[in-house]
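Colleague: If you read the sequence shown in full-length UniProt numbering, its first letter stands for residue 1, the second for the next number, and so on.
Can you keep this structure in mind? I'll have questions shortly.
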Amino acid sequence: MLPIIYSTINHSFHKTLPTYRKASRSPPLPRLSASYPPPISPISNHGCSSCRPLVRFRRDRGGRGPHGQLRGARGARVLLLERFDLLHHRGSSHGESRAIRDTYPQPHYPPMVRLARRLWDDAQRDAGYAVLTPTPHLDLGPRDDPNFRAVVASGATELAPTGTAPRPAWAEAFRVPEGWAAASSELGGVIKATKAVAMFQALAAKMGAVVRDRTEVIDVAKQGEGTKIVVKTSSGEKFHGAKCIITVGAWTSKLVKSVTGFDLPVQPLHTLLCYWKLKPGHKRELTTEAGFPTFSSYGDPCIYSTPSMEYPGLIKIAMHGGPPCDPDSRDWTIGTGEGVGGLADPVARWIDEVMPGHVDTAGGPVLRQACMYSMTPDEDFVIDFLGGEEFGRDVVVGAGFSGHGFKMGPAIGRILAELALDGESTTAAEAGVELTHFRIERFDGDPMGNATSS
């Protein structure tokens, strides 16, 4: 049996697909170009109303043009299963804005961001419209904070103190506390998340992938002695394939536990997005059109922001993190006080200290939106083969992205596709992305993974 890819994709958005083909009883589907495996929105635990015949997939040979060569190397056809409705708000891939930046404390992320940026450009060119708006990016924090110092070392340019040298006009919006410093990069930007997910879904369908929503995957197993993967849904349907990619976001631990018995430490977190009113006279100054940056503030709390864009007169400034939650029984409360609602209070204090002249905190945020992260203990991704005697290298899992992974979606998608089809990722190697940081084995005997050695 020739290799194929079957992907169950869920709540981490940036997942990808190689290709596939239905059983011989159906006409062959058009091939899916693998010039960039598209990131796809969350899948989840689905429910299909009708039970259809078993579907089998096999790998196809592609043409020999620029895309055909990749099809020939990658070959398979793709079935994407999504638990909820397409473009739902139950996971981590919806909304109007996600930041992209190439400055990171950890050296293994900037190469992946730069790769992703090229692939975002490719996808937008193929789609014929934009989902990413370039902006500068600003990092700030205590001068002696190791994460901030690492960010400067990764390529950010430290800003001169006020009054000592020419500075960007937007720098005057920040009152950098004593003992702090700020550093800028030109490679920031804002991605319209829901629009981006819709773009990739449309591109996937255009190239021949089959995308099905309301389809809950409840089991993944090997069939007999062969290499065939069987995916079972809650409606009783079964899908057969040679390869499977699992990217189910906040549902990762539950699915992996039920399939393998292994506790993969991917913890869902309930977080809060806050939109604050801009003070009179500053509504245009802090917009993407005016060149205002995305920014990250290191220290405690860790704060992030995107410029005023989706809601005129408001700016998104929020705290990175939140309390643990169960994705199937979330508390959607976004008020004040304890729990997720209280996540706005540290942000207000930060604004009053760092941006008091430009952002109004009286009365709290104007808009509050609940969201969800899926985090590993070390906040590094999981990009690896599921492994074990049963699955070996036939099932690939991608997880732990929410919180800082959306920006890298296209790169992660391509890497997952290459791992599934080729057993290795030449794209990662050529881009300088070291995948050893993302292996499951880092948690063997050490629940903190990479955090222990960092």
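Yeah, the Cβ is synthetic: ideal placement off N, Cα and C, and Gly gets one too.
Assign Val230 to one of three DSSP states: helix, strand, or coil.
Modeller: Of the three classes helix, strand and coil, the one that applies to Val230 here is strand, per DSSP.
Colleague: Cα-Cα, which of Lys254, Gly281, Glu353, Leu278 is closest to Cys325?
Modeller: If we check each option's Cα against that of Cys325, Lys254 comes out closest.
Colleague: Measuring alpha carbon to alpha carbon, tell me which of Asp446, Asp300, Leu203 ends up nearest Phe148.
Modeller: Closest by alpha carbon: Asp300.
Colleague: Restricting to Cα atoms, I'd like to know which of Arg442, Thr252, Lys407 is closest to Arg114.
Modeller: Minimum Cα distance to Arg114 is reached at Lys407.
Colleague: For Gly387, which of Pro105, Ile100, Ile440, Tyr275 has the nearest alpha-carbon?
Modeller: Looking at the Cα atoms, Ile440 is the closest of the given residues.
Colleague: In this structure, how does DSSP classify residue 486 when only helix, strand and coil are distinguished?
Modeller: Any answer about residue 486 is impossible in this case: the structure gives the chain only from 1 up to 454.
Colleague: Can you give the beta carbon distance from Leu79 to Pro410, rounded, assuming they're within the 8 Å contact cut?
Modeller: 20 Å between Cβ atoms; not a contact.
Colleague: Kindly indicate which three-state DSSP category residue 455 falls into: helix, strand or coil?
Modeller: No answer is possible for residue 455: it lies beyond the span of the chain, which begins at 1 and ends at 454.
Colleague: Compute the Euclidean distance between the alpha carbons of Ile246 and Ile315, then round it to the nearest angstrom.
Modeller: Approximately 35 Å, taken between the alpha carbons.
Colleague: Quick check on Thr215: does DSSP put it in helix, strand or coil?
Modeller: Thr215 falls in the coil class under three-state DSSP.
Colleague: Taking 7 Å as the limit between beta carbons, can you name the residues of its chain near Lys361, skipping five residues before and five after?
Modeller: The displayed chain sequence assigns Thr, not Lys, to residue 361. Correct list, in chain order: Trp276, Ala348, Ile351, Asp352.
Colleague: Excluding the 5 residues preceding and the 5 following Arg284 in the sequence, name in chain order all residues of the same chain whose CB lies nearer than 7 Å to its CB.
Modeller: Excluding sequence neighbours, Arg284 sits near Ala290.
Colleague: With H, G and I counted as helix, E and B as strand and the rest as coil, what does DSSP make of Arg125?
Modeller: If DSSP states are grouped into helix, strand and coil, Arg125 belongs with the helices.
Colleague: Using CA coordinates, which residue listed in His89, Met112, Asp85, Leu81 is at the minimum distance from Leu435?
Modeller: Ranking His89, Met112, Asp85, Leu81 by Cα distance to Leu435 puts Met112 first.
Colleague: Cutting at 8 Å between CB atoms, please list the residues of its own chain near residue 477, excluding the five before and the five after it.
Modeller: Not covered by the structure: residue 477. The range shown for the chain is 1 to 454.
Colleague: Could you give the DSSP three-state label for Lys222: helix, strand or coil?
Modeller: Looking at Lys222 - three-state DSSP - the assignment turns out to be strand.
Colleague: Can you tell me whether DSSP reads Phe148 as helix, strand or coil?
Modeller: Looking at Phe148 - three-state DSSP - the assignment turns out to be helix.
Colleague: Please state the DSSP three-state secondary structure of Val347.
Modeller: If DSSP states are grouped into helix, strand and coil, Val347 belongs with the helices.
Colleague: Nearest by alpha-carbon distance to Ala160: which of Ala171, Leu132, Glu430 is it?
Modeller: With distances taken between Cα atoms, Ala160 lies closest to Ala171.
Colleague: Less than 9 Å between the beta carbons of Pro146 and Pro105, yes or no?
Modeller: Yes.
Colleague: In chain order, which continuous runs of the alpha helix (DSSP H) of length 4 or greater are located wholly inside the segment 354-442?
Modeller: 388-391, 409-422, 426-431, all fully within the segment 354-442.
Colleague: Considering just the uninterrupted stretch of the beta strand (DSSP E) at Leu255, what are its terminal residues?
Modeller: Segment 252-260 is the alpha helix (DSSP H) holding Leu255; no beta strand (DSSP E) there.
Colleague: Does the Cβ of Arg77 have 16 or more other Cβ atoms within 10 Å, making it buried, or fewer, making it exposed?
Modeller: By the neighbour-count rule (16 or more Cβ atoms within 10 Å), Arg77 is buried.
Colleague: Relative to the alpha-carbon of Leu269, which residue among Ser258, Thr376, Asp380, Asp121 has its alpha-carbon at the smallest distance?
Modeller: The shortest C-alpha separation from Leu269 is found at Thr376.
Colleague: Following the continuous alpha helix (DSSP H) through Lys206, name the residue where it begins and the one where it ends.
Modeller: Per DSSP, Lys206 belongs to the alpha helix (DSSP H) from 193-206.
Colleague: Give the DSSP-derived three-state secondary structure of Trp120 in the structure shown.
Modeller: In the structure shown, Trp120 sits in a helix (DSSP, three-state: H, G or I).
Colleague: Where does Val78 fall in DSSP's three states?
Modeller: If DSSP states are grouped into helix, strand and coil, Val78 belongs with the strands.
Colleague: Given this structure, state the Cα-to-Cα distance separating His404 from Leu187, to the nearest angstrom.
Modeller: Cα to Cα, the separation comes out at about 16 Å.
Colleague: Determine the DSSP secondary structure at Arg330, reduced to helix, strand or coil.
Modeller: In this structure, Arg330 counts as coil in the three-state DSSP scheme.
Colleague: Assuming Tyr311 and Leu367 form a contact by the criterion Cβ under 8 Å, report the distance between their Cβ atoms to the nearest whole angstrom.
Modeller: Rounded, the Cβ-Cβ distance is 7 Å, consistent with contact.
Colleague: Quick one: give me the first and last residue of the beta strand (DSSP E) that Met309 is part of.
Modeller: Segment: none, Met309 is in no beta strand (DSSP E) and carries neither H nor E.
Colleague: Would you report the Cα separation of Val151 and Thr133, rounded to the nearest angstrom?
Modeller: Between Val151 and Thr133, the C-alpha separation is close to 22 Å.
Colleague: Determine the DSSP secondary structure at Leu87, reduced to helix, strand or coil.
Modeller: Three-state DSSP puts Leu87 in coil, outside helix and strand.
Colleague: Report all residues from its chain with a CB closer than 8 Å to the CB of Gly155; omit the five preceding and five following residues, and keep chain order.
Modeller: If we look at Gly155 and ignore the five residues flanking it on each side, its Cβ neighbours are Asp102, Thr103, Pro110, Ser185.
Colleague: Do Gly189 and Cys371 have their C-beta atoms within less than 9 Å of each other?
Modeller: For Gly189 and Cys371, no; Cβs fall outside 9 Å.
Colleague: Under the assumption that Asp213 contacts Asp85 (Cβ atoms under 8 Å), give the Cβ distance between them as a whole number of angstroms.
Modeller: Rounded, the Cβ-Cβ distance is 5 Å, consistent with contact.
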